[in-house]
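Trainee: The structure that follows is given in the form of structure tokens.
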Amino acid sequence: MELVEALEGLGADVATVPLVSIEPVEDERSLAAALRELDAYAWVIFTSANGVAAVERALPGVSFAGAKIAAVGPATADAVRGLGVDPSFVPDVYAAEEIAAGLGPLEGVRILLVQADIASPSLAEELRGRGAKLDTIVAYRTVEAKPSAAEIEALERGADAIVLASGSAARCLAGLGLRSGTAETQLVSIGPKTAEAAREAGLRVGLVAHEATAEGIIHALVSHFEERVQ
Numbered sequence: 122m123e124l125v126e127a128l129e130g131l132g133a134d135v136a137t138v139p140l141v142s143i144e145p146v147e148d149e150r151s152l153a154a155a156l157r158e159l160d161a162y163a164w165v166i167f168t169s170a171n172g173v174a175a176v177e178r179a180l181p182g183v184s185f186a187g188a189k190i191a192a193v194g195p196a197t198a199d200a201v202r203g204l205g206v207d208p209s210f211v212p213d214v215y216a217a218e219e220i221a222a223g224l225g226p227l228e229g230v231r232i233l234l235v236q237a238d239i240a241s242p243s244l245a246e247e248l249r250g251r252g253a254k255l256d257t258i259v260a261y262r263t264v265e266a267k268p269s270a271a272e273i274e275a276l277e278r279g280a281d282a283i284v285l286a287s288g289s290a291a292r293c294l295a296g297l298g299l300r301s302g303t304a305e306t307q308l309v310s311i312g313p314k315t316a317e318a319a320r321e322a323g324l325r326v327g328l329v330a331h332e333a334t335a336e337g338i339i340h341a342l343v344s345h346f347e348e349r350v351q
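Counted the way the numbering used here counts, the sequence shown spans residues 122 to 351.
Spelled out as structure tokens, the structure:
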């Protein structure tokens, strides 16, 4: 993993504890059918790199020649480029209002939204509120992982920082009911939406990355710990 390798390169002692796993939908035929009708859509929106991977799996070699693509976040944009397409729009912030506004006038515009089974309805509601003719498709499932006894022990021992890479991971961490370290442990969120989900789950978020990338998380961690030792 890019983030783990980068942190270890800076001297950090990193333990990975998967809290969620990404699984394919039980029947990918509806996704494949939607992808075969891409010429009917003005925009295709991917909210995560997992959605891009699901599209590749459901219909290998799919062409996006007729549709513009919006990719939420730098990692998603990189995954889209892996399909041989440059995204037309990458919002600076993952907020429903900003994403919708960045697509321009939407009255009567057909949009395909590729998302997870547990996706927040806020983006779909915002798009429909602006008059878009929206189709949503569930491309993958987010399933709670079962940490091993050793992984749970690592969480209970505590750490200087715990990185939360998604809202679902934050909810799973809260659901474990663990002490999750001491008051000195910093919970680090990959972005504001994950931070919001963590706080709603009762977690105390100390740091939020300025962008939802490995570099953003590293910058937040380095800045915090440099200040702490001064």
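Glycine included, each C-beta is placed from N, C-alpha and C at the ideal position.
Roughly how many angstroms lie between the CA atoms of residue 227 and residue 251, to the nearest whole one?
Mentor: About 6 Å.
Trainee: Flag this pair as yes or no: are the beta carbons of residue 220 and residue 193 separated by less than 9 Å?
Mentor: Taking 9 Å as the Cβ cut-off, residue 220 and residue 193 qualify as a contacting pair.
Trainee: Any beta carbon from chain D within less than 9 Å of residue 185's own beta carbon?
Mentor: In the structure shown, chain D cannot be found, because there is only a single protein chain.
Trainee: So what's residue 267 in DSSP terms, helix, strand or just coil?
Mentor: Residue 267 falls in the coil class under three-state DSSP.
Trainee: Do the stretch 240 to 250 and the stretch 335 to 344 make contact, defined as three or more Cβ pairs closer than 8 Å?
Mentor: No, they do not touch.
Trainee: Quick one: complete beta strand (DSSP E) runs, 3+ long, within the stretch 213 to 295?
Mentor: Counting only runs of 3 or more, we get 231 to 237, 254 to 265 and 282 to 285.
Trainee: Taking all protein chains shown into account, decide if residue 247 is buried (16 or more other Cβ within 10 angstroms of its Cβ) or exposed.
Mentor: Its Cβ being crowded by 16 or more others within 10 Å, residue 247 is buried.
Trainee: Apart from the five residues just before and just after residue 209, which ones in its own chain have a Cβ nearer than 7 Å to its Cβ?
Mentor: Only 189, 190 and 191 meet the Cβ criterion.
Trainee: Using the Cα positions of residue 298 and residue 154, report the straight-line distance between them to the nearest angstrom.
Mentor: Whole-angstrom Cα-Cα distance: 42 Å.
Trainee: Just to confirm my understanding: we take residue 180, look at its own chain, exclude 5 residues before and 5 after, and list those with CB closer than 6 Å. What are they?
Mentor: Within the same chain, residue 180 has close Cβ partners 153 and 156.
Trainee: Can you tell me whether residue 131 is buried or exposed, with buried defined as 16 or more other CB within 10 angstroms of its CB?
Mentor: The residue is exposed, with fewer than 16 neighbouring Cβ atoms inside 10 Å.
Trainee: My output table needs one value for residue 144: the three-state DSSP class, helix, strand or coil.
Mentor: Strand, per DSSP.
Trainee: Which term fits residue 358, buried or exposed, when burial requires 16 or more other beta carbons within 10 angstroms of its beta carbon?
Mentor: One cannot answer for residue 358 here, as it falls past the ends of the chain, which runs 122 to 351.
Trainee: Let me check one thing: in DSSP terms, what residues is residue 210 bridge-paired to?
Mentor: Answer is 191, bridged to residue 210.
Trainee: Residue 185 by DSSP, collapsed to three states: which one?
Mentor: Reduced to three states, the DSSP call for residue 185 is coil.
Trainee: Give the single residue among 196, 259, 335 and 249 whose Cα lies nearest to the Cα of residue 123.
Mentor: Among 196, 259, 335 and 249, the Cα nearest to that of residue 123 belongs to 335.
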